[in-house]
Amino acid sequence: MKAHDNVIKEYEDIRGEIKQKIELHNSLIMFMITTVVAVLAFAVQGDNSILYLLPFGIIIPTSMRITYYRTAMAKLSAYIIVYIENKIKGLNWETRNNKLINSVHNK
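Just so it is clear: in the sequence shown, position 23 is 24 by our numbering, and no numbers are missing.
Have a look at this one:
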């Protein structure tokens, strides 16, 4: 029973990490959109055309960080599928989610 409890705890911890990455991902997207809109609003009102280039300085690094979070989520999900879900029946959310995504993309 102890090994079973450890696997459940590991599953809960990794799912928590995935949820945290999703929240960070969503926060960064909202930050990027808000900041770019604000900078473009200033660029439209001002006479300095260099401000139109400033959003690229926001979009590129933020997109890189968003990509990092998406990759980390995929790795954590793959770990759950390979090492945890086959040990305990009923813990197959990641597998079902992956099958759903694949079925939608293959249509």
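For glycine and all other residues, C-beta sits at the position ideal for the given N, C-alpha and C. Note that this is a predicted model, so its numbers are computed, not measured.
Subject >> CB contact flag (M74, I19, <7 angstroms) >> reply: Indexing the sequence shown from 1 puts residue 74 at position 73. Indexing the sequence shown from 1 puts residue 19 at position 18. In this structure, I19 lies closer than 7 angstroms to M74 by Cβ.
Original post:
Should E95 go down as buried or exposed, given a rule of 16 or more other Cβ atoms within 10 Å for buried?
Top reply: Position 94 of the sequence shown, counting from 1, holds the residue named residue 95. The residue in question, E95, is buried, as its Cβ has 16 or more Cβ neighbours within 10 Å.
**OP:** Tell me, to the nearest whole angstrom, how far the beta carbon of L25 is from that of Y70; I am working on the premise that it is less than 8 angstroms.
**Re:** Here residue 25 is taken as the residue at index 24 of the sequence shown, counted from 1. Here residue 70 is taken as the residue at index 69 of the sequence shown, counted from 1. Here L25 really is in contact with Y70; their C-beta atoms are around 6 angstroms apart, less than 8 angstroms.
**OP:** Could you pull out every residue in the same chain whose Cβ sits closer than 7 angstroms to the Cβ of E11, ignoring the five residues on either side in sequence?
**Re:** One-based indexing of the sequence shown puts residue 11 at position 10. Closer than 7 angstroms at the Cβ level, and outside the excluded window around E11, lie I85.
Subject >> Continuous alpha helix (DSSP H) stretch holding N107: start and end >> reply: Translated into the one-based positions of the sequence shown, residue 107 becomes position 106. Unbroken run through N107: none, as it is neither H nor E.
Original post:
Does the segment 44-52 touch the segment 26-33, meaning 3 or more C-beta pairs lie closer than 8 angstroms?
Top reply: Touching, no, given that fewer than three Cβ pairs across the two stretches are closer than 8 angstroms.
Subject >> Cβ neighbours of I60 in the same chain (closer than 7 angstroms, five flanking residues each side left out) >> reply: To locate residue 60, count along the sequence shown from 1; it is residue 59. Cβ neighbours of I60 within its own chain (closer than 7 angstroms, five residues either side excluded): M33 and V37.
Original post:
For V105, which residues of its own chain have a beta-carbon under 6 angstroms away from its beta-carbon, when the five flanking residues on both sides are left out?
Top reply: Locating residue 105 in the sequence shown gives position 104, counting from the first residue. Non-local C-beta neighbours of V105 in its own chain, meaning closer than 6 angstroms and more than five positions away in sequence, are absent.
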